[in-house]
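Novice: Supplied in structure tokens, the structure appears directly below.
Chains as they are written, first to last, in my numbering: chain A, 173 to 320; chain B, 99 to 752; chain C, 20 to 192.
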């Protein structure tokens, strides 16, 4: 085999390999990117149906309720403008508390309830998850504009 | 006074670093022996002063000097002594001080173990490391002084983050930083070679042991971090693809590529430009990791400070160091002539493929980690890229690399033939495929992922054994095989163990969340877990509800586990302390969720059965030991001695 | 050409990092600037009978400092506030945020209080109304009860001079 042919084959293999990797990445992105919405956006119907996404905000005071099975929890996530009911079955993270920031991942289920598959809170008590802070900030900006 | 002393010696260290980063480089350029000779003493002096500064900070923590802001923020009078010392590097400022201490340590090691290297090379390497040190010391002194005073002093500290109060966290950061910073040596060697234009096999031989040792430390650091996450986060996971984890994993992937590519450059003189680029990349990714964690541009479970000035400083530094080195690379690249030719199935080709795959994997991790930042910067919305993305891309990309790993060490340099390789490996291939297909059937029915994992693990293990057998057939005795060979084979075997462990735990673990009242029981993987209630137990700086859970099989009580829910006194933070029964074949993992009634009789409890998870850490240990073995090969010492005379003469002639 | 590719890739990365770095600045422009300060009525720390409400301050320019006994940065700014309480006439109110361990009274007793009143926001609701994400944060509220300025992080003499003094002068305090 001539070295020119060899070079061509090598380039061909390289391009094919790169193509496979790009395809893998794009495919994985398509399925696994999780978008973030604020409770106000969810209330306005901007969030996708049937696809997982994240919402963030504060756990509304005195909104946490446990069902009789002990593991199903219902609470409201608020950005101070709108509140979205969330249901989650499982053990909550240590730092989950009323009045604290929270981010939940899941889908909109029947009756507009957000069925969370995962609830995240931060590792540091006095730190709000950036997504939650963002949601509250957005809502307050919106309220400020409305008040004008 | 002690904190002021610490501050003062840090300034002295900075002055020494400035001398170390300039005069020896000028000396090497002009051939001035006196200036070059400054490299070693300044590097050693710098280490001494930074060590004193570190000691001062550790002392302030140990004696609870809450007039130091850093201590007040990160320690607590009730904190046990050992954690008070480790709190020294638990904060942003302290961990940066540890970073420069490690850098100074590596530089000193270079200054001591480089007697046989030409003077101009030593001067350049130490000079470049001095420049890096200048950047970090300036960052420390200007934006993150660990010795800042707090007036009036706080009556007590805010306590260390409870999650960090674990012995895994005591040694994880130092090991990780040893690895991160160790790549600075490979980087400095590459820059020195680029400046002098002498990129030859000798250069590769000098950097090889340093790179391998740094890589082994990084491996150990990552493994400890993962083990810590497994035990402390209470979720039984061992890898989360969290940005902070990725920040340490990317340099590891680049470093792995680098140690393999250095082998080719040393033995065959090929891939020079590529190897240099990898040396620059590995350290650049270490710096990038530091930037990502310290600047808060990415939200992460354990990002430290979110302070734009600090971020801007590191970014500027990053741009200068990496940008500068890449400009130097582009300028000098045409001078690098590539060595001998090789054919498709030669060891060179296998290693090249391994390099390309490792870098592609690194790229996919980098993309996933930074994608949320790109989207946000372009105003396209806030997103997160979760573990499913990384698993979906990383596993298929890495699988071919693991397959090639079996062939590479058995292929000849330069010229290898496929039929020959096939004859030598056909049995291993057949057994590996059979293992992959049959093993899942005996466990839980056919499962393509399990098949892939088992087949690859068996394949690597078998090819390692073939490697030993072929050597012995050629008359070698096990004990007389070179350490480099042992090291490589151990590391590869470690990877096989790790792959087996990951396959088993990812496909066959079982978990259950249950509400448990006193006397309730639940069954998982054949074990019965019975909840015996909780008792109050005070700790040194926390109060704990301590659960008692009996594990039995066939009516016989095997173990009693005590998971805890702790409330830390200073921060009021709650923490889950899981109880784990470790064994070689499976872990039983129990964590308390939260009390479900007022009297705290019933609790949410999470139980896991994790088969073979410990193989992961054992595999990682094999990698580490393999790395140290390979780096200690006598070849490096002998080869260095042989080179001494001509290289020394060349330096004098320059 | 090929040899410049790594540099190019890196330059693009740096551009994104620089953008990202200043994307989430700590200094969020508060949506309350120019809006009435949210109303509340809270008990005052150390004075059993007294309550505090922003309405009490009508007609005055005042400063509201959100702090907490568990907050180390607040301790750092405490002497600065003490000096300011002595040297300038604008009253400082200290909203005691989420003081679950009830330490505020003892702490102020020991180190002195720069505050004219310390409303006790035990559950942190008022803080949330004001969009507090961490302590300390400080607001200037004018004669008509309008929020004029928000500062995140501890106050040091420089920030007071450069940020607070001009605003207070403008408001005629």
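Beta carbons: idealized from backbone N, C-alpha and C, even for Gly.
If we ignore side chains and look at the alpha-carbon of each, how far apart do residue 210 of chain A and residue 488 of chain B end up?
Specialist: So the two alpha carbons sit approximately 25 angstroms from each other.
Novice: Assuming contact is defined by CB atoms lying nearer than 8 angstroms, are residue 113 of chain C and residue 86 of chain C in contact in what I supplied?
Specialist: For residue 113 of chain C and residue 86 of chain C, yes; Cβs fall inside 8 angstroms.
Novice: Using a Cβ-Cβ cutoff of less than 7 angstroms, which residues in the same chain neighbour residue 324 of chain B once the five nearest sequence positions on both sides are dropped?
Specialist: Closer than 7 angstroms at Cβ, skipping near neighbours: 336, 337.
Novice: Rounded to whole angstroms, what is the Cα-Cα separation between residue 549 of chain B and residue 290 of chain B?
Specialist: About 47 angstroms.
Novice: Whole-angstrom Cβ separation of residue 569 of chain B and residue 511 of chain B, contact assumed at under 8 angstroms?
Specialist: The pair is not a contact, with the Cβ atoms about 16 angstroms apart (cut-off 8 angstroms).
Novice: Determine whether the Cβ of residue 147 of chain C lies closer than 8 angstroms to any Cβ atom of chain A.
Specialist: It does: the Cβ of residue 147 of chain C has a partner Cβ on chain A nearer than 8 angstroms.
Novice: Can you check whether the CB of residue 119 of chain B is closer than 8 angstroms to the CB of residue 225 of chain B?
Specialist: A contact, by the Cβ cut-off of 8 angstroms.
Novice: I want to verify the contact list: residues of chain A whose CB lies under 8 angstroms from the CB of residue 144 of chain C, in sequence order.
Specialist: The contacting residues are 233, 271.
Novice: Is the distance from the Cβ of residue 272 of chain B to the Cβ of residue 390 of chain B below 8 angstroms?
Specialist: Cβ distance not < 8 angstroms, so residue 272 of chain B and residue 390 of chain B don't count as in contact.
Novice: Within the same chain, show all residues whose beta-carbon is closer than 8 angstroms to that of residue 640 of chain B, passing over the 5 residues directly before and after it, in chain order.
Specialist: Cβ within range, chain order: 260, 664, 665, 666, 667, 673.
Novice: Please check if any C-beta of chain A sits within less than 8 angstroms of the C-beta of residue 38 of chain C.
Specialist: So, not an interface residue.
Novice: Would you mind working out which of B:188, B:282, B:171, B:202 sits nearest residue 247 of chain B, comparing C-alpha positions?
Specialist: Cα-wise, what sits closest to residue 247 of chain B is B:171.
Novice: I want to verify the contact list: residues of chain C whose CB lies under 9 angstroms from the CB of residue 252 of chain A, in sequence order.
Specialist: Those are 147, 148, 150, listed as they occur along chain C.
Novice: Express the C-alpha separation of residue 442 of chain B and residue 179 of chain A in angstroms, rounding to a whole number.
Specialist: Whole-angstrom Cα-Cα distance: 11 angstroms.
Novice: Quick check on residue 697 of chain B: buried or exposed, where buried means 16 or more other Cβ atoms within 10 Å of its Cβ?
Specialist: Exposed, since its Cβ has fewer than 16 Cβ neighbours within 10 Å.
Novice: Using a Cβ-Cβ cut-off of 8 angstroms, state whether residue 516 of chain B counts as contacting chain C.
Specialist: Output row for residue 516 of chain B: interface = no.
Novice: Output the distance between the C-alpha atoms of residue 485 of chain B and residue 715 of chain B, rounded to the nearest integer angstrom.
Specialist: Distance between the alpha carbons of residue 485 of chain B and residue 715 of chain B: 20 angstroms.
Novice: When you compare each of B:693, B:287, B:253 to residue 377 of chain B by their alpha carbons, which one comes out closest?
Specialist: Answer by Cα proximity: B:287.
Novice: Looking at residue 116 of chain C and residue 150 of chain C, is the spacing between their C-beta atoms short of 8 angstroms?
Specialist: No, they are not a contact pair.
Novice: Can you list, in chain order, the residues of its chain with a C-beta nearer than 7 angstroms to that of residue 702 of chain B? Leave out the 5 residues immediately preceding and following it.
Specialist: Correct list, in chain order: 611, 613, 691, 692, 694.
Novice: Within the segment 297 to 341 of chain B, note down every full alpha helix (DSSP H) run reaching 4 residues or more, in order along the chain.
Specialist: Those alpha helix (DSSP H) runs which fall completely within the segment 297 to 341 of chain B and span 4+ residues are 299 to 330.
Novice: In chain A, which residues lie with their C-beta within 9 angstroms of the C-beta of residue 692 of chain B?
Specialist: By Cβ distance, chain A contributes 263, 264, 266, 268.
Novice: Measuring straight from C-alpha to C-alpha, what distance separates residue 191 of chain C and residue 93 of chain C?
Specialist: Going from the Cα of residue 191 of chain C to the Cα of residue 93 of chain C covers about 28 angstroms.
Novice: What residues from chain C crowd round residue 180 of chain A, counting only those whose CB sits closer than 7 angstroms?
Specialist: Ordered by position in chain C, no residue passes the 7 angstroms Cβ test against residue 180 of chain A, which lies about 17 angstroms from the chain.
Novice: At 3 residues or longer, what runs of the beta strand (DSSP E) sit wholly inside the segment 59 to 83 of chain C?
Specialist: Counting whole runs of 3 or more residues, the segment 59 to 83 of chain C contains the beta strand (DSSP E) stretches 61 to 63, 66 to 71.
Novice: Ends of the alpha helix (DSSP H) at residue 275 of chain B?
Specialist: Element bounds for residue 275 of chain B: 265 to 294.
Novice: With distance defined between alpha-carbon atoms, name the residue in B:307, B:721, B:211 nearest to residue 141 of chain B.
Specialist: Closest by alpha carbon: B:211.
Novice: Residues of the segment 207 to 230 of chain A with a CB closer than 7 angstroms to any CB of chain C: list them in chain order, please.
Specialist: Result list: 230.
Novice: Is there contact here, the segment 250 to 258 of chain B with the segment 128 to 137 of chain B, by at least three beta-carbon pairs under 8 angstroms?
Specialist: Contact between the segment 250 to 258 of chain B and the segment 128 to 137 of chain B is absent, because fewer than three Cβ pairs lie under 8 angstroms.
Novice: Judging by CA-CA distance, which residue of C:121, C:89, C:131, C:120 is the nearest neighbour of residue 100 of chain C?
Specialist: Of the listed residues, the one whose Cα sits closest to residue 100 of chain C is C:131.
Novice: CB-CB under 6 angstroms to residue 688 of chain B, same chain, minus the five flanking residues each way: which ones, in chain order?
Specialist: The answer, listed in chain order, is 647, 659, 661, 677, 705.
Novice: Do residue 359 of chain B and residue 449 of chain B have their beta-carbon atoms positioned less than 8 angstroms apart in this structure?
Specialist: A contact, by the Cβ cut-off of 8 angstroms.
Novice: Does the structure place the segment 227 to 237 of chain B close enough to the segment 154 to 161 of chain B that three or more beta carbon pairs sit under 8 angstroms?
Specialist: Contact between the segment 154 to 161 of chain B and the segment 227 to 237 of chain B is absent, because fewer than three Cβ pairs lie under 8 angstroms.
Novice: Compare the C-beta of residue 488 of chain B with all C-beta atoms of chain C and state if any pair is closer than 8 angstroms.
Specialist: Chain C contact via Cβ: absent.
Novice: Output needed in chain order: residues of the segment 233 to 249 of chain B with a Cβ under 7 angstroms from some Cβ in chain C.
Specialist: The residues in question are 248, 249.
Novice: Would a C-beta distance cut-off of 8 angstroms place residue 221 of chain B and residue 122 of chain B closer than the cut-off?
Specialist: Yes. Within cutoff.
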